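Residue numbering for the sequence shown follows this note's numbering, beginning at 87 and increasing consecutively.
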Amino acid sequence: MTASHKERAGHRGDEPAMGRRSKRGKARMAAVAAVSFLVLLVACTGWIYLKLNGNITTFGADGVSGDRPAAGAGGSNVLVIGSDSRSGGNSRLGGGEGDVGRSDTAFLLHIYGDSRHAVAVSLPRDALVDIPPCKLPDGNWTAAQTDVMFNTAFSVGDTAKGNPACTQNTVEKLTGLRVDHTVVVDFQGFSKMTSAVGGVSVCLPKDVYQGDLDPNRGSRGKVIFPKGLQTVSGQKALDYVRLRHGIGDGSDIGRIKRQQAFVAGLIKKVKSEGVNPATLLPLANAATESMTVDPGLGTANKLMAFAMSLKDIDLHNTKFVTLPWRYQGARVAVVHPQADALWAALRADRTVDGKDASGTSQHARKAGDGKGDAPGAPSPDASVSGAGISVAVYNGTTVTGLAARAAAGLKTAGFTVTGTATAAAQDHATTVVTYGPGQADQAHALARFFPGAEVQQATAPGISVTLGRSYADHPEPPGASPSSPSFSDDMPPHVADKARSADDSPCSDLSYG
Numbered sequence: 087m088t089a090s091h092k093e094r095a096g097h098r099g100d101e102p103a104m105g106r107r108s109k110r111g112k113a114r115m116a117a118v119a120a121v122s123f124l125v126l127l128v129a130c131t132g133w134i135y136l137k138l139n140g141n142i143t144t145f146g147a148d149g150v151s152g153d154r155p156a157a158g159a160g161g162s163n164v165l166v167i168g169s170d171s172r173s174g175g176n177s178r179l180g181g182g183e184g185d186v187g188r189s190d191t192a193f194l195l196h197i198y199g200d201s202r203h204a205v206a207v208s209l210p211r212d213a214l215v216d217i218p219p220c221k222l223p224d225g226n227w228t229a230a231q232t233d234v235m236f237n238t239a240f241s242v243g244d245t246a247k248g249n250p251a252c253t254q255n256t257v258e259k260l261t262g263l264r265v266d267h268t269v270v271v272d273f274q275g276f277s278k279m280t281s282a283v284g285g286v287s288v289c290l291p292k293d294v295y296q297g298d299l300d301p302n303r304g305s306r307g308k309v310i311f312p313k314g315l316q317t318v319s320g321q322k323a324l325d326y327v328r329l330r331h332g333i334g335d336g337s338d339i340g341r342i343k344r345q346q347a348f349v350a351g352l353i354k355k356v357k358s359e360g361v362n363p364a365t366l367l368p369l370a371n372a373a374t375e376s377m378t379v380d381p382g383l384g385t386a387n388k389l390m391a392f393a394m395s396l397k398d399i400d401l402h403n404t405k406f407v408t409l410p411w412r413y414q415g416a417r418v419a420v421v422h423p424q425a426d427a428l429w430a431a432l433r434a435d436r437t438v439d440g441k442d443a444s445g446t447s448q449h450a451r452k453a454g455d456g457k458g459d460a461p462g463a464p465s466p467d468a469s470v471s472g473a474g475i476s477v478a479v480y481n482g483t484t485v486t487g488l489a490a491r492a493a494a495g496l497k498t499a500g501f502t503v504t505g506t507a508t509a510a511a512q513d514h515a516t517t518v519v520t521y522g523p524g525q526a527d528q529a530h531a532l533a534r535f536f537p538g539a540e541v542q543q544a545t546a547p548g549i550s551v552t553l554g555r556s557y558a559d560h561p562e563p564p565g566a567s568p569s570s571p572s573f574s575d576d577m578p579p580h581v582a583d584k585a586r587s588a589d590d591s592p593c594s595d596l597s598y599g
């Protein structure tokens with residue numbers, strides 16, 4: 087071998103052969119380590135999602151009514167139900183007996199079309215509503231019920247898991263809004279969620295004793311919640327949101343404000359940690375272990391995607407309001423027309439402070455329909471849904487074709503018109519809506535299509551509208567009158583003025599709904 091060959095064999099760019107082999111070996115090891123890490127990461131991620139998927143329970147969509155409001159063009163609606171079933175692991179977390187699922191609390195979360203605003207409407211469990219036919223575990227459907235407590239819907243069928251589909255049907259009938267998703271969280275799930283985030287800041291207006299939590303105790307006992315600000319989690323958090331006695335009037339509706347403040351605190355805590363998978367996964371694991379959802383949220387991917395879709399809604403734009411109510415004896419009555427105006431505002435994607443949050447510009451609306459409506463101005467069928475409401479139309483005037491004209495508009499809005507005819511008397515000055523037992527909510531929804539209409543109760547079942555001269559003199563399609571105050575896009579002042587924001591102090595406004 088010549089000197090030059092020896093030189094080439096011993097040197098490559100002045101680097102010894104042993105050095106080159108060592109570096110190539112390290113590179114291979116680094117590549118293997120990187121691939122192994124990626125495989126491990128994918129495996130762990132897959133395991134996490136498999137675990138979450140295994141936690142999730144869905145309820146059958148076959149129990150959801152086929153007679154539903156139309157889907158909204160912009161925002162979406164999520165029904166959240168708190169179940170106080172004592173079955174399984176829930177038995178050690180709450181008092182009471184039996185394992186029938188009951189709805190302890192519920193709210194309808196409206197997410198606006200711009201994905202930057204949201205409002206949760208608390209639905210009092212003692213509110214008197216109409217419950218439509220609901221499916222039983224044996225496959226049969228119940229008869230409709232009138233003027234019964236709202237939480238009765240969840241107990242239809244007397245099962246431990248409750249009947250979320252029946253509650254969803256009831257909410258759709260009550261609001262005229264389509265419920266896109268329904269989520270049920272029980273005692274155990276709620277307790278674990280609060281622990282997963284490290285506790286939630288709450289506030290009490292006064293000291294609370296053991297006897298306030300359990301009136302059957304027979305003595306006042308020790309202080310369990312001192313007055314003022316504190317952090318609670320697990321059982322303590324559950325006791326806080328379920329507390330009724332010793333504060334306010336001791337009723338269920340008296341604790342709604344505290345429940346809203348708690349949910350606001352929970353949102354604030356999650357936001358402070360950052361809305362990302364690292365924050366959401368532990369929370370999702372805790373929640374899904376005791377959660378029942380509709381099939382549309384039945385996988386971990388769907389749940390996480392839904393949670394991430396809320397990340398751009400800031401605390402101030404997250405509001406809490408309560409369905410307009412008044413006491414009716416020991417129960418709660420829904421107040422009209424304020425409740426109707428609330429639902430109309432949500433259908434129009436109007437915020438608590440009157441903004442158009444549909445995510446659609448006025449220019450786009452003009453280009454789309456050619457009518458140049460003002461921002462958020464609802465069409466008659468968008469303002470009130472007539473789904474599930476049957477009505478007979480009578481002409482109470484001498485104007486030919488008036489009943490047919492009104493019937494056409496009502497059908498467009500989804501009402502079922504059972505017939506048109508001439509009224510016994512044709513000298514009606516104003517339009518009159520007449521309704522039978524248990525049909526007050528439907529009658530008031532119908533009356534909103536006829537500004538100035540009178541609403542009267544009758545003993546016979548059924549709903550009818552007798553058109554008066556007031557309608558004949560203003561022959562706009564039902565509900566289209568821009569002068570009608572009931573068709574304002576804005577929420578009623580009574581509701582808006584009492585709204586809570588998620589960034590409000592946890593010690594503010596803690597009494598009543």
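Don't be surprised by glycine CBs; every beta carbon is placed ideally from N, CA and C. For clarity, every value in this text was computed on a predicted model and none was experimentally measured.
Any C-beta of chain D under 8 Å from that of residue i
i      : result
Val421 : Included in the structure is just one protein chain, with no chain D present.
Residue environment, residue i, which counts as buried when at least 16 other CB atoms sit within 10 Å
i      : result
Gly307 : exposed
Gly411 : Position check: residue 411 holds Trp in this sequence, whereas Gly was assumed. Looking at its Cβ environment, which holds 16 or more other Cβ atoms inside 10 Å, Trp411 is buried.
Asp170 : buried
Thr504 : exposed
Arg436 : buried
Leu383 : buried
Arg586 : buried
Arg52  : The requested residue 52 does not occur in the structure, where the chain is confined to residues 87 to 599.
Ser189 : buried
Thr520 : buried
Lys259 : buried
Ser614 : One cannot answer for residue 614 here, as it falls past the ends of the chain, which runs 87 to 599.
Ala206 : buried
Asn176 : Low local confidence applies: a pLDDT of 44 at Asn176 is under 50, so the model's placement there is unreliable, and no value is given.
Ser444 : buried
Asn403 : buried
Thr545 : exposed
Best match in the options for proximity to residue i [C-alpha to C-alpha]
i      : options                        : result
Arg433 : Ala204, Thr520, Tyr521         : Ala204
Gln296 : Met394, Ile310, Asp442, Gly285 : Ile310
Val421 : Asp527, Val551, Gly285         : Asp527
Gly332 : Ser305, Leu352, Lys355, Gln346 : Ser305
Val518 : Asp325, Val407, Leu396, Val479 : Val479
Val349 : Gly314, Val288, Ser395, Ala425 : Val288
Pro537 : Ala558, Thr545, Ile549         : Ala558
Asn255 : Ser151, Leu290, Gln542         : Ser151
Pro210 : Gly187, Gly168, Thr232         : Gly168
Ala156 : Leu553, Ile549, Asp576, Ala499 : Ala499
Ala347 : Gln316, Asp148, Ala515         : Gln316
Residue i - DSSP class collapsed to helix/strand/coil
i      : result
Ile342 : helix
Arg202 : coil
Leu195 : strand
Thr378 : strand
Gln321 : helix
Thr163 : With the sequence shown as reference, residue 163 is identified as Asn, and Thr is not the correct amino acid for it. The answer is strand: DSSP assigns Asn163 an E or B state.
Cys59  : Not covered by the structure: residue 59. The range shown for the chain is 87 to 599.
Asp272 : strand
Ala507 : strand
Met235 : strand
Gln543 : strand
Val407 : strand
Asn481 : strand
Thr143 : strand
Phe348 : helix
His267 : strand
Own chain residues within Cβ distance below 6 Å of residue i, not counting five before or after
i      : result
Asp583 : none
Ser376 : Asp272, Gln274, Gly275
Thr484 : Gln512
Leu27  : This structure cannot settle anything about residue 27, because the visible part of the chain is limited to 87 through 599.
Supposed close pair residue i, residue j - CB separation, criterion 8 Å
i      : j      : result
Asn163 : Leu195 : 7 Å
Ser378 : Lys247 : In the sequence as presented, Ser is not what sits at residue 378; that position holds Thr. Right, the Cβ-Cβ distance comes to about 6 Å (below 8 Å), so this counts as a contact.
Gly524 : Phe501 : No, Gly524 and Phe501 are not in contact; Cβ-Cβ is about 18 Å, not under 8 Å.
Leu369 : Val269 : About 13 Å separates the two Cβ atoms, so there is no contact after all.
Close beta carbons around residue i, own chain, < 8 Å, minus the five adjacent residues each side
i      : result
Val329 : In the sequence as presented, Val is not what sits at residue 329; that position holds Leu. Taken in chain order, the residues that qualify are Val294, Asp298, Leu299, Phe311, Arg341, Arg344.
Val242 : Ile217, Cys220, Leu222, Thr228, Asn249, Cys252
Arg417 : Asp212, Ala213, Leu214, Met235
Thr508 : Tyr480, Asn481, Ala489
Asp439 : Ala582
Asn139 : Thr385, Ala386
Ile549 : Ile475, Ser476, Val477, Ala478, Val519, Thr520, Tyr521, Gly522, Gln525, Gln528, Ala529, Leu532
Residues near residue i in its chain [Cβ-Cβ closer than 7 Å; skip 5 each side]
i      : result
Trp429 : Thr261, Gly262, Leu263
Gly181 : At Gly181 the pLDDT is 43, less than 50, meaning the model places this residue with poor confidence and gives no usable figure here.
Gly600 : Because residue 600 is not part of the residues shown, which for the chain are 87 to 599, the question remains open.
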